[in-house]
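Residue numbers (our numbering): 3 to 517.
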């Protein structure tokens with residue numbers, strides 16, 4: 003088996019030697035505000051998404067710093083493509099693929115930004131091209147709904163993108179967020195939709211939270227017992243370009259959102275890293291799968307640790323606490339864009355920011371999070387992209403630690419854009435894209451079994467194999483995974499792939515379950 007190593011380090015799959023960046027916990031009281039309901043819409047009566055014939059490239063997620071460079075992707079021709087011989091243990095009883103369906107496909111804009119939410123009876127798929135509700139047997143209940151109409155975005159907001167959706171089992175509601183920016187008024191906004199029942203095919207109440215002078219880019223969405231958490235990277239428009247203006251977080255009273263009334267919130271602007279390390283970037287709310295009124299969040303801290311945050315209290319009196327930053331065993335790095343079969347065009351992998359996070363109360367409070375990172379393989383020349391999966395434990399207390407970290411991929415292949423969830427047995431499933439010189443962009447998934455050794459993933463399995471090269475410019479920018487509240491064991495996964503056909507991109511979704 004090939005051994006995997008990260009750039010500048012000897013081994014990735016190592017025991018969890020614990021390192022912690024300690025600091026005094028810092029508390030911040032957010033600025034109080036309210037979000038007024040903008041009315042209710044019926045998913046079944048909304049207009050269909052427009053058919054686009056001219057390609058529209060949705061702007062790339064804005065980087066923390068301008069002119070960030072990426073390593074050059076290369077392949078070692080002396081080593082075979084080991085897409086099925088990964089740096090993982092021999093297969094045990096990984097999550098099996100129970101169901102597998104074709105999702106939303108579109109032309110005329112890129113990337114798709116696929117995300118998903120799963121309720122008791124139906125599944126909500128969201129992309130930049132539109133939203134659609136399915137039953138769990140893959141039959142569409144709605145058409146492809148126009149995102150602008152669904153979220154109630156005024157026509158003055160020219161820039162729109164980045165859907166995120168969740169189902170909250172405690173309240174029995176679907177939640178969604180969508181960002182937009184009005185260049186003429188120099189005002190951005192986060193648009194929120196909340197279902198009135200446990201079905202995504204019914205009605206939704208809509209809210210608009212303005213960010214004057216800022217574009218709130220790359221939103222995060224998470225829910226705990228009494229709060230909805232939204233995050234974004236604020237960028238101000240200055241001199242014909244966007245300049246980073248700090249990460250922002252909103253804590254919104256959930257009971258008021260589900261009642262469809264005026265909702266109190268606290269806004270935490272320009273969130274900082276611990277120890278004077280500067281501004282946070284791309285904060286991911288850890289969607290809670292256990293009952294708790296403490297909302298946890300994570301962010302990458304200088305490539306070497308994971309910064310922890312907590313939001314406690316009920317809006318409009320919520321407080322953000324900046325906690326410690328458990329050190330990573332292996333630092334992350336910017337991944338190269340991915341080589342693919344059939345084309346010299348590289349598939350965009352973006353950067354090493356955290357892409358997803360989820361929380362359970364096990365192990366003193368456990369958070370799983372994931373990103374893409376640059377990686378190398380022992381005995382193989384070249385730089386590749388891998389998925390980086392991290393579990394933190396003890397996050398409910400004052401001394402959280404890194405429980406495990408796995409940098410995972412296949413030699414001469416490129417893995418990117420992971421999304422993850424855990425089931426009721428604390429088995430974690432992660433979905434990701436992969437391509438190589440002999441493989442088209444495909445979707446794969448793997449599992450960390452709770453009974454398995456730390457720092458291991460099972461060998462990955464296909465959700466769907468690609469059958470054509472992707473020759474456009476943008477991929478991702480993220481993918482989706484969701485726990486099924488009907489059994490609390492099934493993890494549904496959703497993402498982008500490329501096949502032969504008339505559409506620019508395709509998506510696939512499926513149900514996995516650990517036996």
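Note that CB positions come from ideal geometry on N, CA and C, so glycine has one too.
Note that the structure is predicted; figures quoted are calculated from it, not measured.
Considering only the beta carbon of each residue, do residue 382 and residue 413 sit closer than 8 Å? Result yes, Cβ atoms of residue 382 and residue 413 sit closer than 8 Å.
Less than 8 Å between the CB atoms is what I'm expecting for residue 264 and residue 347, so what's the real figure, rounded? 49 Å between Cβ atoms; not a contact.
In the DSSP assignment, what are the bridge partners of residue 458? In DSSP, residue 458 forms no bridge with anything.
Enumerated in chain order, which unbroken segments of the beta strand (DSSP E) with a length of 3 residues or greater are wholly contained in the segment 341-413? For the segment 341-413, whole beta strand (DSSP E) runs of length 3 or above, ordered along the chain, are 345-349, 356-362, 368-379, 382-395, 403-410.
Among 372, 51, 140, which one has its Cα closest to the Cα of residue 512? Cα-wise, what sits closest to residue 512 is 140.
Is the distance from the Cβ of residue 442 to the Cβ of residue 344 below 8 Å? Taking 8 Å as the Cβ cut-off, residue 442 and residue 344 qualify as a contacting pair.
Quick check: the segment 187-201 against the segment 169-179, are there 3 or more CB pairs under 8 Å? Contact between the segment 187-201 and the segment 169-179 is present, because at least three Cβ pairs lie under 8 Å.
Given residue 374, which residues of its chain have a CB within under 8 Å of its CB, disregarding the five upstream and five downstream residues? Excluding sequence neighbours, residue 374 sits near 337, 351, 352, 353, 354, 357, 387, 388, 389, 390, 417, 418, 419, 420.
Could you compute how far the alpha carbon of residue 254 sits from the alpha carbon of residue 53? Each residue's Cα considered, the two are about 35 Å apart.
By alpha-carbon positions, which one of 409, 403, 394 ends up nearest to residue 376? Comparing alpha-carbon positions, the option among 409, 403, 394 lying closest to residue 376 turns out to be 409.
Whole angstroms is fine: what's the gap from residue 214's alpha carbon to residue 250's? For residue 214 and residue 250, the gap between their C-alpha atoms comes out near 13 Å.
Provide the residue span of the alpha helix (DSSP H) that contains residue 153, from first to last. Boundaries of the alpha helix (DSSP H) around residue 153: 149-153.
To the nearest angstrom, how far is it from the Cα of residue 146 to the Cα of residue 126? Cα-Cα distance, rounded: 11 Å.
Assess contact between the segment 458-473 and the segment 481-489, defined as three or more Cβ pairs (one per stretch) separated by less than 8 Å. Is contact present? As far as the Cβ criterion goes, the segment 458-473 does not touch the segment 481-489, which means the pair count is below three.
Is it true that the CB of residue 287 sits closer than 8 Å to the CB of residue 231? The answer is yes: Cβ separation under 8 Å.
Spatial distance of residue 104 from residue 134 (CA atoms): Distance between residue 104 and residue 134, taken at the CA atoms: about 12 Å.
Helix, strand or coil for residue 502, going by three-state DSSP, please let me know. Residue 502: coil per DSSP, three-state reduction.
May I ask you to report which of helix, strand or coil DSSP gives residue 260? Collapsing the DSSP output to three states places residue 260 in a helix.
Flag this pair as yes or no: are the beta carbons of residue 482 and residue 499 separated by less than 8 Å? No, they are not a contact pair.
Please go through the segment 118-148 and give each complete beta strand (DSSP E) segment of 3 or more residues, from N-terminal end onward. Complete beta strand (DSSP E) runs here, min 3: 124-129, 132-137.
For residue 480, which residues of its own chain have a beta-carbon under 8 Å away from its beta-carbon, when the five flanking residues on both sides are left out? 115, 116, 117, 357, 358, 419, 421, listed in sequence order.
Selection from 111, 36, 144, 130 that minimises the alpha carbon distance to residue 49: Closest by alpha carbon: 144.
N- and C-terminal bounds of the beta strand (DSSP E) containing residue 106: That residue, residue 106, is in no beta strand (DSSP E); it is neither H nor E in DSSP.
Out of 239, 516, 341, 301, state which residue places its alpha-carbon closest to the alpha-carbon of residue 453. The candidate whose alpha carbon is nearest that of residue 453 is 516.
May I ask you to report which of helix, strand or coil DSSP gives residue 453? Reduced to three states, the DSSP call for residue 453 is coil.
From this set, 138, 130, 113, 131, which residue's C-alpha is nearest residue 124's C-alpha? Distances from the alpha-carbon of residue 124 to those of 138, 130, 113, 131 put 138 closest.
If I follow the unbroken beta strand (DSSP E) through residue 235, where does it start and stop? 229-240 is the extent of the beta strand (DSSP E) around residue 235.
Do you know how far the Cα of residue 102 is from the Cα of residue 256? Residue 256 and residue 102 have their C-alpha atoms roughly 33 Å apart.
Residue 27 and residue 321: beta carbons closer than 8 Å? No, they are not a contact pair.
Helix, strand or coil for residue 168? Go by DSSP, reduced to three states. Residue 168 falls in the strand class under three-state DSSP.
What did DSSP end up calling residue 110 once you bin it into helix, strand or coil? Collapsing the DSSP output to three states places residue 110 in coil.
Going by other Cβ atoms of all chains shown within 10 Å of its Cβ, with 16 needed for buried, is residue 156 buried or exposed? Exposed, by the Cβ-count rule.
With which residues is residue 488 paired in a DSSP beta bridge? Per DSSP, none; premise fails for residue 488.
Could you check where the beta strand (DSSP E) with residue 180 kicks off and where it finishes? DSSP places residue 180 in the uninterrupted beta strand (DSSP E) bounded by 175-184.
Given residue 449, which residues of its chain have a CB within under 8 Å of its CB, disregarding the five upstream and five downstream residues? So the list reads 96, 97, 429, 430, 431, 432, 459, 460, 514, 516, once near-sequence residues are dropped.
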